[in-house]
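The C-terminal residue of the sequence shown carries number 435 in my numbering, and the numbering is unbroken.
All C-beta atoms in this analysis are idealised placements derived from N, C-alpha and C, irrespective of residue type, glycine included.
The model shown is predicted, which means the values in this text are computed figures rather than measured ones.
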Amino acid sequence: MTSRPQATRTRKPPGERRAEILQTAARIALDEGLERITLRRVADDLGVRPGLIGHYFPAADDLVTEAFAHAAAQERDALLPQSKAEANRSPTARLAGFLVRLTGAECLDLSRLWLNARHLSRFKPGLRAAVQEQETLTRTALTALVEEGVRRGEFRTDDALSATLHILVTVDGLGAYANDDTEVDHPALRDLAITVAEHRLDLTPGLLRAAAF
């Protein structure tokens with residue numbers, strides 16, 4: 223009787239496997255919430271044993287923290303890209319794209335993720351540190367964009383950080399309603415962050431939404 227050769231399982235390099243785990247956990251976080259991230263759930267999605275996930279992330283809280291940071295960083299890179307092609311666009315167009323995308327329906331899962339993370343961070347010091355770090359990175363990137371707009375004469379403000387804080391606090395305030403299925407459909411609410419940005423940067427009302435297309 224001839225025996226069949228056993229299939230050889232390909233072992234992925236540690237860096238590739240860790241990145242795959244984080245990407246999967248980040249997707250779960252965005253789609254279903256941080257509470258749904260468990261070693262078993264990630265293992266099931268990847269078709270591996272939970273022990274493999276535990277090898278890279280012995281504590282589930284560590285995986286939750288890194289998954290949030292990974293998802294937040296990916297979304298920030300998409301909303302405020304730092305590519306050479308993006309640098310050729312005007313600060314007005316880049317700010318417009320950031321605000322229109324961030325406050326649109328396509329970023330609803332991101333708003334829910336931040337709402338989720340801020341709530342859980344009350345009880346998880348590691349997650350709280352990650353939230354603070356991601357907030358700082360976003361604030362720094364947006365402030366740099368505002369400062370560039372001022373240098374080019376597109377924006378007018380004597381305090382770029384203050385303008386940035388007004389914009390981001392407004393965005394966060396709108397995000398607090400991310401789980402509300404009875405959202406008030408009113409232009410004033412949909413354009414609130416854009417209106418605040420135009421006011422703080424002395425822009426013509428309506429300019430940012432028009433510049434995003």
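Ends of the alpha helix (DSSP H) at residue i?
i      : result
GLY397 : 382-397
GLY237 : 236-254
ASN338 : 330-342
ALA366 : 347-373
GLY276 : 272-278
PHE290 : 282-301
ALA315 : 313-324
ASP402 : It is not in any alpha helix (DSSP H) - ASP402 carries neither H nor E in the DSSP assignment.
GLU420 : 414-422
LEU268 : 261-268
ALA432 : 429-433
THR307 : Checking the sequence, you will find Ala at residue 307 rather than Thr. Counting along the chain, the alpha helix (DSSP H) containing ALA307 begins and ends at 306-309.
Assuming residue i contacts residue j (C-beta within less than 8 Å), just tell me the rounded distance between them.
i      : j      : result
PHE377 : VAL368 : 6 Å
LEU268 : ALA282 : With 8 Å as the limit, LEU268 and ALA282 do not qualify as a contact, their Cβ atoms being about 15 Å apart.
ARG340 : ILE389 : Not a contact, Cβ separation roughly 18 Å.
ALA429 : THR314 : Ala is not the amino acid found at residue 429; the sequence shown has Leu there. About 7 Å separates the two Cβ atoms, so the contact holds.
ALA363 : ARG298 : 7 Å
LEU252 : ALA295 : With 8 Å as the limit, LEU252 and ALA295 do not qualify as a contact, their Cβ atoms being about 13 Å apart.
ILE275 : ALA289 : The pair is not a contact, with the Cβ atoms about 11 Å apart (cut-off 8 Å).
ALA415 : VAL393 : 5 Å
THR424 : THR379 : It is worth fixing the name first, because residue 424 is Asp in this sequence and not Thr. Between THR379 and ASP424 the Cβ distance is about 7 Å, and since that is below 8 Å, they are a contact.
Do residue i and residue j have their CB atoms nearer than 8 Å?
i      : j      : result
LEU387 : THR325 : no
ALA400 : LEU337 : yes
ILE250 : ARG258 : yes
VAL322 : ALA434 : yes
GLY371 : LEU301 : no
Within a Cβ cutoff of 8 Å, which residues of the same chain sit near residue i, ignoring the five residues on either side of it in sequence?
i      : result
ALA291 : ALA352, GLU355 and GLN356
LYS346 : ASP283, VAL286 and THR287
ASP402 : none
Starting from the C-beta of residue i, find all residues in its chain whose C-beta is less than 7 Å away, skip the five residues before and the five after it, and write them out in chain order.
i      : result
GLN228 : Low confidence applies here, because GLN228 scores a pLDDT of 42, under 50, leaving its location unreliable; read the following figure in that light. The answer is none, since no qualifying residue turns up.
THR246 : VAL264, ASP267 and LEU268
VAL418 : HIS388, ILE389 and THR392
ALA438 : The displayed coordinates of the chain run from 223 to 435. Any statement about residue 438 would go beyond what the structure contains.
Using a Cβ-Cβ cutoff of less than 6 Å, which residues in the same chain neighbour residue i once the five nearest sequence positions on both sides are dropped?
i      : result
MET223 : The predicted position of MET223 is uncertain, since its pLDDT is 47 and thus under 50; a value taken from the coordinates is nonetheless stated next. Correct list: empty, nothing qualifies.
ALA432 : none
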